[in-house]
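Mapping the sequence shown onto my numbering, position 353 (from 1) lands on 362, and the numbers just tick up by one. Note that the Cβ used here is the ideal one computed from N, Cα and C, for glycine as well. Working notes for the structure below.
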Amino acid sequence: MTMRSRSRQAGWRSRAVSVAVGTLLASLAVTPAHADTVRERQWYLDAMHADEMWKSSTGKGITVAVIDTGVQADIPDLRGQVVAGKDFSKRAGDERTDYDGHGTTMAVLIAGTGAKGASTGSYGLAPGAKITPIRIPGFMERNRTDGNQDDFPTAAAKAIRFAADSDAQIISISAASTANSQELTEAVAYALSKGKLIFAGVGNDGDTVNEIEYPAATPGVVGVGAIDRNVKATKESEHGPQVDLVAPGEDIISACLGGTELCNSHGTSDATALASASAALIWSKHPNWTNNQVLRVMLNTASKPTSGKKRTDYLGYGAIRPRIALSDPGDPGPGDVYPLPDFKQAASKTPNGSPTTSAKDDSSPPMSASASKSDRSSLPWILGGVGAVVVAGGALAAGGIRRRRRAATMAQAHVAVPPGPGQTPWYGDSNYGGRP
10 MTMRSRSRQA
20 GWRSRAVSVA
30 VGTLLASLAV
40 TPAHADTVRE
50 RQWYLDAMHA
60 DEMWKSSTGK
70 GITVAVIDTG
80 VQADIPDLRG
90 QVVAGKDFSK
100 RAGDERTDYD
110 GHGTTMAVLI
120 AGTGAKGAST
130 GSYGLAPGAK
140 ITPIRIPGFM
150 ERNRTDGNQD
160 DFPTAAAKAI
170 RFAADSDAQI
180 ISISAASTAN
190 SQELTEAVAY
200 ALSKGKLIFA
210 GVGNDGDTVN
220 EIEYPAATPG
230 VVGVGAIDRN
240 VKATKESEHG
250 PQVDLVAPGE
260 DIISACLGGT
270 ELCNSHGTSD
280 ATALASASAA
290 LIWSKHPNWT
300 NNQVLRVMLN
310 TASKPTSGKK
320 RTDYLGYGAI
330 RPRIALSDPG
340 DPGPGDVYPL
350 PDFKQAASKT
360 PNGSPTTSAK
370 DDSSPPMSAS
380 ASKSDRSSLP
390 WILGGVGAVV
400 VAGGALAAGG
410 IRRRRRAATM
420 AQAHVAVPPG
430 PGQTPWYGDS
440 NYGGRP
């Protein structure tokens, strides 16, 4: 599991950083000089015209299953938002506690309510949605100590099947691995047969090894890449045939584990959460639509590359635009036809309809093939509001708020010894920003 958002692992963190964050939040609440609220720092909500969208949909009636490290259900911005789920790890606590913090941040990005307060509360894109937490083991650890012998594909498959049988309509997976299995492929097919819509991050090694990772590359999963404020694919966002849509994944401000913390993160994990929340907004407004219709509208209303291409390996079919999907969705099409070509092609290869392909498009060129700059960037960002908060976002980062890192593939191989209390584990270089 390679997509991380914290500069800590297995519960260990830098005490000094936590104190600095808490102090900053306190000053924001009581000092007139810090008039900006956390909500005003969330540039991506302004870019998507969230306040306007919330007049027609908040995601109410929709539940998103978050397959991750658990969700801390008692933090202020998530109170009342988290329903019972399932714990597949052998950690202390259950799925409504978070052993790392990553899952909590994803849940806040989806369904945070801002209940922490006018100054310090952070919002998710779909604050009316509910979260079903599904906790899986922490595969970032070099030496597994939790007693769980499942590998990532096995654990992910179990989690997906549980989500498929739950009341959740959407499954959000901000995790990726180069490991794949038939069990995982079949679990995805099962979830689709149950009417679920699955999003997964494509991974954050785009500027290094850029390997195909799963479940984003699994047929039937919507692979999500990350873009920056300028609507360019970020350097770390992986590229290839597995990229279906892109969403903001840079300078993402939200509440994080600890109750007094605020975090600034980046990567395809965040983009996946925002894509899932976008689907929740659309589905909430059109509760009679199927998973296929919701996805088709997301694809049809996505902001297309300026190169004129229908799809590129960096941007997929474009950037999610939930506001357009809500205001002018167009024809959602047939409810029983999956709109992406990969699952249909995979299902046709076996008599029983079970997908067997190992990647979304085996006929696509190798992942290492070069792409033009126009493939990587320059989506027309018709959402508005991007430039207005650039300075404010920079000021927040300069104020000492922690920037959480994602891990590179097999990052544990670079750790000489397992991290101990107060020791920050190696998570790879902090590759951040858009293509030139």
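Original post:
Does the stretch 290–301 come close enough to the stretch 274–282 to have 3 or more Cβ pairs within less than 8 Å?
Top reply: no
Original post:
Start and end of the alpha helix (DSSP H) containing proline 331?
Top reply: 331–336
**OP:** Name the two residues that bound the continuous beta strand (DSSP E) containing serine 202.
**Re:** Here serine 202 belongs to no beta strand (DSSP E); instead the alpha helix (DSSP H) covers 191–202.
Subject >> glutamate 450, buried or exposed, once every other Cβ within 10 Å from all chains shown has been counted against 16 >> reply: Here the chain covers residues 10 to 445 and nothing more, so residue 450 does not appear.
**OP:** Quick one: which unbroken alpha helix (DSSP H) runs of 4-plus residues sit fully inside the stretch 166–246? Chain order, please.
**Re:** 191–202
Original post:
Rounded C-beta distance between serine 181 and valine 346? I'm assuming under 8 Å.
Top reply: In fact, because the Cβ distance is near 23 Å, the residues do not count as touching under 8 Å.
Subject >> 7 Å Cβ cutoff met for alanine 135 and alanine 256 >> reply: no
Original post:
By a C-beta neighbour count over all protein chains shown, 10 Å radius and 16 as the cutoff for buried, is arginine 330 buried or exposed?
Top reply: buried
Subject >> Per-residue DSSP class, three states only, for arginine 88 >> reply: coil
Original post:
What's the call for alanine 101, buried or exposed, on a 16-neighbour Cβ count within 10 Å?
Top reply: exposed
Original post:
Between the C-alpha atoms of serine 131 and lysine 318, what's the straight-line distance to the nearest angstrom?
Top reply: 36 Å
**OP:** Could you name the residues of the same chain whose beta carbon sits closer than 6 Å to that of aspartate 452, not counting the 5 residues immediately before and after it, in chain order?
**Re:** The question about residue 452 has no answer, for the chain in this structure spans 10 to 445.
Subject >> Proximity winner among Leu304, Pro314, Gly121, Pro224, relative to aspartate 83 (alpha-carbon distances) >> reply: Gly121
Original post:
From Thr67, Asn213, Thr46, pick the residue whose C-alpha is nearest to that of proline 296; which is it?
Top reply: Thr67
**OP:** Give me the Cβ distance between histidine 248 and aspartate 322, rounded to the nearest whole Å; I'm assuming they're in contact under 8 Å.
**Re:** 5 Å
**OP:** Taking only the alpha-carbon atoms, compute the straight-line gap between alanine 196 and valine 233 and give it to the nearest angstrom.
**Re:** 19 Å
**OP:** Spell out a yes or no on whether the stretch 210–218 and the stretch 170–177 are touching, meaning 3 or more CB-CB pairs, one atom from each, closer than 8 Å.
**Re:** no
Original post:
Once you ignore the five residues that flank lysine 203 on each side, which residues in its own chain have a CB closer than 8 Å to its CB?
Top reply: Ala173, Asp174
Original post:
threonine 113 by DSSP, collapsed to three states: which one?
Top reply: helix
**OP:** Could you name the residues of the same chain whose beta carbon sits closer than 6 Å to that of phenylalanine 352, not counting the 5 residues immediately before and after it, in chain order?
**Re:** Pro228, Gly229
Original post:
Assuming serine 183 and alanine 282 make a contact with CB atoms under 8 Å, what is their CB distance in whole Å?
Top reply: 6 Å
**OP:** Within the same chain, show all residues whose beta-carbon is closer than 8 Å to that of alanine 404, passing over the 5 residues directly before and after it, in chain order.
**Re:** Note that alanine 404 scores a pLDDT of 29, beneath 50, so its modelled location is shaky; the value from the coordinates is reported in the next line. Result list for alanine 404: Asp45, in chain order.
**OP:** Give the straight-line distance between the Cα atoms of alanine 166 and leucine 193, rounded to the nearest whole angstrom.
**Re:** 5 Å
Original post:
Per DSSP, what kind of secondary structure is aspartate 351 in: helix, strand or coil?
Top reply: helix
Original post:
Is glutamate 270 helix, strand or coil when you go by DSSP?
Top reply: strand
Subject >> 7 Å Cβ cutoff met for threonine 113 and leucine 266 >> reply: yes
Original post:
Buried or exposed: where does alanine 407 fall if 16 or more other Cβ atoms within 10 Å of its Cβ makes it buried?
Top reply: Only weak support exists for where alanine 407 lies, its pLDDT of 27 falling under 50; the coordinates are left without a value.
Original post:
What do you get for arginine 332, buried or exposed, if any count of 16 or more other CB atoms within 10 angstroms of its CB means buried?
Top reply: buried
**OP:** Go ahead and pull the three-state DSSP assignment for lysine 313.
**Re:** coil
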